[in-house]
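Below is one structure, written out as structure tokens; comments come after it.
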Amino acid sequence: MNVGIFSRWNATCGVSLHAEMIGRELLRRGYPITVFAPYLESASRWWHHKLIRPDEEYVVRCYEELSPDGKEGKIDIEKVLEREIDFLIVESYEKLPYKDVEKLVKILKDKGIPSIAIIHEGDYEDIRYTDMNIFEKVCVFDERYVKEVLKDRVSEEKVEIIPYPCYPVREGSREFAEDGVIKFFSFGRQPKEEYCPYIEGLKVFKRDFPNVKYRIVRAMEPLKIFEDFVEQEERILDYEEIVKELHSADFHLLPKGNTKRVVVSSTLYQVLGTLTLTVVPDNRFFETLPHGEEAPVIFYRDVLELVKELKKASADEEYRKKIRENASKFVEENSVERITDRFENLINSILVKNVH
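For the record, in the sequence shown the residue sitting at position 226 is 226 according to my numbering, with numbers rising by one throughout.
Structure below.
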């Protein structure tokens, strides 16, 4: 079975990460895959979509995304059709060339090649398919996508809830503040203002815990922050570098501003398995995570609560241990292996149904 994946690929965004997690696990299991990705010129127009590694031999760059000025994208459909695939996974997101995706899915359907969509769009208005029932199944990460994003766009029996996957547990060996310094770390491309609660919170935290270091690695220009406890570097980190940085830190401060859209934080699912204590704002990105005694992260709602939680975690070893245990449990329950099992079973059930 050759699985086609229509998606961003090798890029710094949640769409690409999801496709890579599932795609590479299918590849590891012996399934050939073909990835149909956007042209590099098209992909690079969007600030959050930067390539992080060269393409593999199974990647075919064959479509233009919607342009920033609203111009409709397009697919070189012949490039797709000349590849032999038995099934197509569409990682659906708001910059897709929707008209051509529909056209492609219908052509494949007529050839007996079924397709499913995985919804990354966060708002009902973002989805611009004229008929989503062309897909055999429409997969979403949680119930919010059913109620707020899909609504009446697709028949209920076609919807499948499959959570966003986690990379496996890879615990580091660092003891908390083992060198006498409490080390904090952030990475990524988040807007500058989303770091403000952490900077302001650490200024207060330092009054009780003066030996603090906050390392920020961003893939764009450094923040205009001139605090002596802040160290900055401009660099795109690959996964192994991220893991190494987190294993050298005591806290991972994850900046995410709130939104009305339905969203998940792919960053969290990528790195929670390091078991470095992760701190997150209690907003839409993280609202489906367990809270209270089962929380796999440290939540905060404002700077005062952030400081309170950081002090508690720094002083209470049992609290830190509990958070890590919860994180490990969450990662195991949503491991990329388990989630790929779900997709593998779904794909096989659709193919068997189509044969009969």
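No residue lacks a Cβ here, since even glycine has one placed at the ideal position from N, Cα and C. Bear in mind the structure is a predicted one, so any value in this text is a computation, not a measurement.
{"Item": "Spatially closest choice to Asn10 from Val3, Pro54, Leu27, by CA coordinates", "Value": "Pro54"}
{"Item": "Pair within 8 Å by beta-carbon distance, Cys407 and Gly273", "Value": "An answer regarding residue 407 cannot be provided, because it is not within the stretch 1 to 356 covered by the chain."}
{"Item": "Cutoff 8 Å; reference Val146; Cβ partners in own chain excluding five residues on either side", "Value": "Val140, Val159, Ile161"}
{"Item": "For His18, three-class secondary structure by DSSP", "Value": "helix"}
{"Item": "Reduced DSSP secondary structure (H/G/I, E/B, other) of Thr288", "Value": "coil"}
{"Item": "C-beta contact flag for Asn2 and Asp86 at 8 Å", "Value": "yes"}
{"Item": "Contacts around Leu346, its chain only, beta-carbon distance under 8 Å, and the 5 residues preceding and following it disregarded", "Value": "Ile116, Lys137, Cys139, Glu160, Ile162"}
{"Item": "Buried or exposed (CB count within 10 angstroms, at least 16 for buried), Pro191", "Value": "exposed"}
{"Item": "Coil, strand or helix - Val181 by DSSP", "Value": "coil"}
{"Item": "Range covered by the beta strand (DSSP E) that runs through Thr34", "Value": "33 to 38"}
{"Item": "Three-way DSSP call (helix, strand, coil) for Lys158 in this model", "Value": "helix"}
{"Item": "Rounded separation between Glu121 and Leu304 - CA only", "Value": "33 Å"}
{"Item": "Residue from Gly172, Phe176, Phe135, Leu202 whose Cα sits closest to the Cα of Glu156", "Value": "Phe135"}
{"Item": "Alpha-carbon to alpha-carbon, Arg324 and Lys71", "Value": "46 Å"}
{"Item": "N- and C-terminal bounds of the alpha helix (DSSP H) containing Ala117", "Value": "No alpha helix (DSSP H) contains Ala117, which is instead part of the beta strand (DSSP E) from 115 to 119."}
{"Item": "Cβ-Cβ distance between Ile89 and Ile118 below 8 Å", "Value": "yes"}
{"Item": "Three CB pairs or more closer than 8 Å across the stretch 304 to 317 and the stretch 332 to 346", "Value": "no"}
{"Item": "Glu143 versus Ser92: straight-line alpha-carbon distance, rounded", "Value": "17 Å"}
{"Item": "Limits of the unbroken beta strand (DSSP E) element including Ala92", "Value": "For the record, residue 92 in the displayed sequence is Ser; it is not Ala. 87 to 92 is the extent of the beta strand (DSSP E) around Ser92."}
{"Item": "Sheet register partners of Ile5 (DSSP bridge)", "Value": "Val35, Ile89"}
{"Item": "C-alpha distance - Arg338 paired with Glu332, whole-angstrom precision", "Value": "8 Å"}
{"Item": "The stretch 177 to 193 / the stretch 213 to 224 touching (three or more Cβ pairs under 8 Å)", "Value": "yes"}
{"Item": "Ser67 in three-state terms, based on DSSP", "Value": "coil"}
{"Item": "Bridge partner(s) assigned by DSSP for His252", "Value": "Phe185, Thr278"}
{"Item": "Residue range of the unbroken alpha helix (DSSP H) whose run includes Lys308", "Value": "303 to 315"}
{"Item": "Close beta carbons around Trp47, own chain, < 7 Å, minus the five adjacent residues each side", "Value": "In this prediction, Trp47 has a pLDDT of 46, which is less than 50 and means its spatial position is unreliable; what the coordinates show is noted afterwards. For Trp47, where only same-chain residues beyond five positions count, there are no Cβ hits under 7 Å."}
{"Item": "Pairwise C-alpha distance: Arg174 and Ile242", "Value": "15 Å"}
{"Item": "Under the three-state DSSP convention, the category Ala11 falls into", "Value": "strand"}
{"Item": "Rounded separation between Ser266 and Ile225 - CA only", "Value": "26 Å"}
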